[in-house]
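Those protein sequence lines, which keep their order, are chains A and B.
In terms of the working numbering, the first sequence is numbered consecutively and its last residue is 842.
In terms of the working numbering, the second sequence is numbered consecutively and its last residue is 351.
Down below is the structure, laid out as structure tokens.
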Amino acid sequence: MAEATPIPGGIGQSIGRKEDARFIRGKGNYVDDVNLPGMLFMDVVRSPYAHAKITGLRKDAALKVPGVLAVITGADLAAAKLAWMPTLMSDTQMVLPTDTVMFQGQEVAAVVGVDRYAAADGVAAVEVDYEPLPVVVDPFKALQPDAPVLRTDKGKKDNHIWHWEVGDKAGTEAALKASAVVVTEKLYIPRIHVSSIETCGCVASVDVSGKLTVWMTTQAPHAIRTVFALVSGLPENNIRIISPDIGGGFGGKVPVYPGYVIAVVAALTTGKPVKWIEDRTGNLTADSFARDYHIEAEIGADKNGKVTALRVKTLADHGYTDAAANPSKFPAGLFHIITGSYPFSKAFVEVDAAYTNKPPGGIAYRCSFRVTEAVFAIERLMDNLAHKMNLDPAELRMRNFIPPEAFPYTSALGWTYDSGNYAGALKKAMDTIGYDALRKEQAEKRKRGELMGIGISSFTEIVGAGPSKTFDILGIKMFDSAEVRIHPTGKVIARFGTKSQGQGHETTYAQILAEELGIPVDGISVEEGDTDTAPYGLGTYASRSTPTAGAAAAVAARKIREKGAKIAAHLLEVSPNDIEWKDHKFQVKGVPEKSKTMADVAFAAYTNHPQGMEAGLEAVDYYDPPNMTYPFGSYICVVDIDKETGQVKVRRFVAIDDCGTIINPMIVDGQIHGGLTMGFAPAMLEEIPYDEQGNSRAPSFLEYLLPTAVETPKWETGKTVTPSPHHPLGAKGVGESATVGAPAAIANAVIDALQPYGVTNIDIPISAHKVWRAIHGADAH
Amino acid sequence: MYPPSFDYYAPTSVDEAVRLLDQHQGEAKVLAGGQSLIGMLKLRLAQPGALIDINRIPDLSYVREDATFLRIGAMTRINELHASDAVKARYGVLFDATAEIADPTVRNWGTVGGNAVHGDPGNDLPACFLALDAEYQAQGPKGSRTIAARKFYTDSFTNVLAPNEIVTEIHVPKAAAGSGSAYSKMERKVGDFATAAVAVTVTLAANGSVAKAGIGLTNVGPTALYAAQASDALVGKTGTATDLGTVGDLAAKAASPVADNRGPVDFKQDMIRVWTRRTVTRAIARAKGGS
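Structure, rendered in structure tokens:
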């Protein structure tokens, strides 16, 4: 039988993105584009100290600044019981302080003025007296008995937040003892920031009926509405959260920041709409950071290099409050995916969290809940094991990979991987880059004293949170939703509980519906981000949209097809049992010329539906995934190092990704390009260091180094396709694979290059001076 | 990121600008390309009472080579200097540096005079003008004077200009036959200030040895630095490995960097050593007719 004609814009087609018409022309509608009549502007006073007692705060001078209408302080909020708010991890966070500031850059007061200049002048005129207190910057020192206790407000006697562990402690210890080879390494994954190009902000407005509308930079509008309702006591139907176009989220727009809450209070106080748009320094110094994991990892192997056991001890620096955005049951996120692509029979992971005088967090920076940390550790250790055993790192991985026939595979730490072909991806990466020739070149260069390195990362991701039995945020289960309505002329408006921040949902979801409904993609509109209209969902982060809401789209479309079949049967005057969905049409079984399109059926649903049947053609699905999806891939990076200066040049980078069924190859490729760049950035450039007084040493883009197109390597991407057996379309999430997988490949390449010096680790970001030190030693010149 | 209020003036002649500076007694800042000043205003690091915008003064933007000097108008945009045929052919150090200052947008707006005078030790052109032994022509209420670049910088953001003086032109001694120059900038990423950068000018004698040399250093001291001993040591040399070692060591000795996110002190000193060697080699190659 001839291949059916593909539906225009169906699954697998690289169609242009629907949203690009407005984005490319500068016609996006972001929060800062929202302008309401009479709108006021809010700016924030921030603490210059990392830890200080506030001994005085005077508004008078600020209130005298022309155009300043209000100054809001912690005392004002305390009167309304809003000085503190819960974090997503059930810790507590100050909205505004009443007595103590806990990090440099913390919000101390807010000023509302008639324009941005008046508000900024007002900020400069607020007088605050600080009495500096001892500062705790290092999380290891924070846990020492003599450390100043930061959270006395919680009745804490020390700075320890929580301990979390998983796995077989005794079994792992025994297996490590019995291993022929054991490799240990301390790895610091530094504090970094998502630095989306659009900073955070909102416009809060209360109408005469008391309904609050907040246009807001949020990745999770529905969850935010519920949190607002619970914290403020306002009825949930009187709160409308609108996420308009979002200029990048990457996990940084999941939490509720003090600025949002203060702006709402300001709107309620002044009776006028209030806009707050954070500046870059506010964004970099106060909004949630990511990473900041001090990891000590050990792996054991037998004499043939077959891995035996993995033990990981980690200290997490959370700043002054645990404001991570992990699923509630997992305080360290999904860090226990750390056994990676290898069949460790024993594993044990423990994580302790500490308070320090730094901004709260840590959220996921495009890392699928601490998966970057996990992948970085295991992939770095695998390379170190290879070097120690004098084995080729590719060969070591090939000897160890979980084989394709072992799926579904349950890891030592309890995850059930859905599908994979790890050796297939690495083989393809090696063929693409010309691995053997590169190793030959490296050997020749080493003889001449030149430094060239090859690094591999064969990562396993875990995305699509998540099954309701284990995944919730503040008790709300992590399903996601689609509401699909076909209108009389066969055109579709579909709404989702997720919220795109640049991922291309308007296109990807429309393509899923085009394929499942047999309606050309141009006739399908996708809407998200308005809590008054969209079905409830947990939002977009951790690569969950296609695994959850994408699945919901497919399931809702299939529900529509069930009803559609009955209408088609009515139109074709046959029994519904005689109708099959084939070639994107309702056909009478065995009689393909007798068929009805979805458009025919839609028209009938409103004009000629069967007696006794409800009119209309629509369906809603709240999709509870049966399992996570486990995308994977193999990356190979080649670096050349300038021996005299320590400068590292990424010469080549091949990325082979497998995210199962691909909806739009161009969008997936774009996600991977962006993800690789966001993996390169922390590997080579990004970090927020603090000095001993707790001053941020990267409070602007002068010091927080985002890569430009000049530094960014040329990415060579490719794919294998191993569908997920449980996702309705076989798709897995792909938004973060590259961010998760790339850093280890780059770091491994640098360490590989430095083998002549016996180097086993350089902490990322791998700046020139660190490489220079590794080469030249402490007493260089 | 919003500056406090200030008075704004847009004079149309140098005399008028000088008069305004004189009237404001040190409370005014001159706005040229604005690439440093606007940022400082937005961060409220600079809070001048008056801003004197000199962008409407005609005839301050030019690159002319005459019998004695390459004359650069103070308001010449950095990219205009880069586009000059004379610069490309005979002033390699300026050609290199003007390709590496910040990013293309900054180079389109930023001016040669502003970059030279602002006084951030991370500005790239001062080291070039130190190496080239350039002079700055400044105009004040009592007329104009010329100041040697090597005597201009006193500390970070501080120089010998009086509060009522304004730099109008930069004089670079005309490139002699057998001269060559180069600038090397080590940076963490495009747009960053230098981790270390080195400007080198040489003029070769008939026998191929260096007859005259100048070495300037960027961002390894409170101001751009003229490495006098290293420059003198290069005279009479031909650029052998031993020569380069000596000169590199002396240049490193001249540097007084501070530790920051770009690296520790010993690393930065070594980078001056390495980049001095490499840049001297390039300058000599250019003097011999290479590109």
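Glycine included, C-beta positions come from ideal geometry on N, C-alpha and C.
The structure displayed is predicted, hence computed values, not measured ones.
Closer than 8 angstroms to the CB of B:G251 there is at least one CB belonging to chain A.
For the pair of segments examined, the segment 814-828 of chain A was found not to touch the segment 160-174 of chain B: the number of CB pairs separated by less than 8 angstroms stays below three. Chain B places a beta carbon closer than 8 angstroms to that of A:P768, counting this residue as a contact. In the DSSP assignment, A:S293 falls within the unbroken alpha helix (DSSP H) covering P282 to S293. With distances taken between CA atoms, A:Y178 lies nearest to A:W337 out of A:T375, A:G525 and A:W337. Check the Cα spacing between A:G740 and each of A:I728, A:Y696, A:L395 and A:E359: the tightest is with A:Y696.
Put simply, the CB of B:V318 is far from chain A, with every gap to its CB atoms at 8 angstroms or more. Residue contact check for A:W833 against chain B: a CB pair falls below 8 angstroms. In terms of Cβ geometry, A:F405 and A:L371 form a close pair [threshold 8 angstroms]. A:D701 and B:A242 have their C-alpha atoms roughly 25 angstroms apart. Here A:H224 is exposed: its Cβ has fewer than 16 other Cβ atoms, across all protein chains shown, within 10 Å.
Between B:R79 and chain A, the shortest Cβ-Cβ separation is not below 8 angstroms. Taken in chain order, the complete beta strand (DSSP E) segments of 3 or more residues contained in the segment 229-274 of chain B are 239-246 and 256-264.
Look at A:T274 here: in three-state DSSP terms it is strand. A Cβ-Cβ distance of about 18 angstroms is found for the pair A:A805 and A:M513, leaving them out of contact under the 8 angstroms criterion. A direct Cα-to-Cα measurement between A:V782 and A:R622 gives close to 27 angstroms. Cβ atoms of A:T521 and A:I356 stay farther apart than 8 angstroms, at about 17 angstroms. In the three-state reduction of the DSSP assignment, B:I132 falls in the strand class. Separation of A:R352 and A:G312 (C-alpha to C-alpha, rounded to the nearest whole angstrom) is 12 angstroms. Your pair A:F693 and A:Y483 checks out as a contact, with CB atoms roughly 6 angstroms apart and the cut at 8 angstroms. By the 16-neighbour rule on beta-carbons within 10 angstroms, A:M146 is buried.
With the rule of 3 Cβ pairs closer than 8 angstroms, the segment 461-471 of chain A does not count as touching the segment 752-768 of chain A. Classified as buried, B:I138 has 16 or more neighbouring CB atoms from the shown chains inside 10 Å of its CB.
DSSP places A:T382 in the coil class of the three-state scheme, outside both helix and strand. In the DSSP assignment, A:Y483 falls within the alpha helix (DSSP H) that extends over Y483 to I494.
Nearest in C-alpha terms to A:L790, of all of A:E168, A:L499, A:I723 and A:L767, is A:I723. Taking 8 angstroms as the cut-off, the beta carbon of A:I285 is found no closer than this to the beta carbon of A:A171. Short of 7 angstroms from the beta carbon of A:I534, and not among the five residues preceding or following it, lie these beta carbons of its own chain, in chain order: L149, A284, P388, S389 and L599. Scanning its chain for C-beta atoms nearer than 8 angstroms, with the 5 sequence neighbours on each side dropped, one finds around B:T72 the residues R116, I117 and P118, in chain order. Taking 8 angstroms as the cut-off between beta carbons, the residues of the segment 219-251 of chain B near chain A are M246, R248, K249, V250 and G251, in sequence order. For B:A236 against B:T263, the beta-carbon gap comes to about 5 angstroms, under 8 angstroms, which counts as contact. Straight across, the Cα-Cα distance linking A:A808 with A:A377 is about 21 angstroms. Counting of Cβ neighbours within 10 angstroms places B:L105 among the exposed residues, the total staying below 16.
For B:Y62, the nearest CB of chain A lies under 8 angstroms from its own CB, placing it at the interface with that chain. Here A:P334 is near A:S266, since their CB atoms are less than 8 angstroms apart. Under the three-state reduction of DSSP output, B:G350 falls in the coil class, being neither helix nor strand.
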